[in-house]
Amino acid sequence: MEFSKTLTAVITALLLAPLLMAADPDPLQDFCVADLGSKTSVNGYPCQPSSSAGDEFLFSSKVAKGGDPSSNPNGSNVTELDVTEWPGVNTLGVSMNRVDFAPGGTNPPHIHPRATEVGLVTRGELLVGIIGSLDSGNRYYSRVLRAGETFVIPRGLMHFQFNVGQAEATMVVSFNSQNPGIIFVPLTMFGSSPPIPTTVLAKALRVDAEVVDLIKSKFAGGY
Ligand SMILES: *[C@@H]1O[C@H](CO)[C@@H](O)[C@H](O)[C@H]1NC(C)=O
Ligand SMILES: *[C@@H]1O[C@H](CO)[C@@H](O)[C@H](O)[C@H]1NC(C)=O
């Protein structure tokens with residue numbers, strides 16, 4: 006009796022393993038260049054006719070140049086290269102980003118719900134911080150990385166980058182999803198639409214309502 010229960014559990018675990026480990030689904034053709042204008046909604050984007058899919062969808066120079074990081078409150082500028090910027094990655098389970106940082110600039114604490122991330126610092130000095138889940142005792146992992154050094158961030162873990170150098174810093178990252186998604190923790194908590202009730206946040210954060218309202222006012226524009 007016990008043995009057959011164990012056996013059933015093991016078989017169930019084995020059958021589910023591919024599902025649990027999956028990132029984006031596997032492609033069923035060489036390329037499926039996204040038809041970004043399609044009205045059809047599927048998991049990803051429908052393919053353009055293969056006759057209209059040319060080299061321009063497989064190569065991109067968008068991250069050759071970074072954005073200006075000094076003109077917004079975070080002091081960072083993300084040049085995105087997900088499927089909406091690079092239709093050629095549709096169904097292939099990969100995408101990229103470049104982020105430029107002003108001195109003291111940050112890519113604030115955030116989570117990618119659909120992808121593990123690997124990154125390469127190409128210039129400057131970047132503090133990369135990753136916070137483990139409760140399983141790890143909320144362990145904070147961090148290191149200052151310089152040109153040529155890399156990091157990995159498991160899917161779903163909160164992380165940030167912060168430019169600790171005197172000059173601009175740049176990193177280029179890749180994801181195992183064509184659409185990794187982003188949950189900015191400060192914005193999610195204090196700039197949701199409609200807002201999370203202040204009483205809930207005051208209780209959860211163990212502070213007075215005025216403190217919550219002050220922080221909410223900083224994210225009022227959803228930004
Ligand atoms: C990022 O940089 C580009 C080009 O320099 C600029 O047009 C854009 O406004 C910047 N974005 C933010 C959010 O600062
Ligand atoms: C700056 O960070 C906030 C979260 O703290 C985020 O909501 C916002 O989109 C970021 N802005 C830019 C320009 O990256």
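Each position in the sequence shown, counted from 1, maps to that position plus 5 in the numbering used here.
We treat Cβ as the ideally placed atom computed from N, Cα and C, and that holds for glycine.
Bear in mind that the values here come from a model prediction, so they are computed numbers and not experimental data.
Helix or strand or just coil, what does DSSP make of residue i?
i	result
S182	coil
T11	helix
S65	coil
G72	coil
E85	strand
I187	coil
Is any non-hydrogen atom of ligand 1 found closer than 7 Å to the C-beta of residue i, if you look at the structure I gave you?
i	result
D35	no
N77	yes
D73	yes
Between which two residues does the alpha helix (DSSP H) containing residue i stretch?
i	result
L206	203–210
How should residue i be labelled, buried or exposed, when 16 other C-beta atoms within 10 angstroms of its C-beta is the threshold for buried?
i	result
Y166	Sequence check: residue 166 is Gln here, not Tyr. Q166 is buried by the Cβ-count criterion.
A69	exposed
A107	buried
E215	exposed
P199	exposed
Measuring CB to CB, does residue i end up less than 8 Å from residue j?
i	j	result
D40	Q53	yes
P118	G161	yes
D105	P78	no
S100	F195	no
V177	G124	yes
N95	T84	no
Is any heavy atom of ligand 2 found at a distance shorter than 7 Å from the C-beta of residue i?
i	result
V83	yes
L192	yes
F189	yes
Within the continuous beta strand (DSSP E) that includes residue i, where are the two ends?
i	result
L131	130–136
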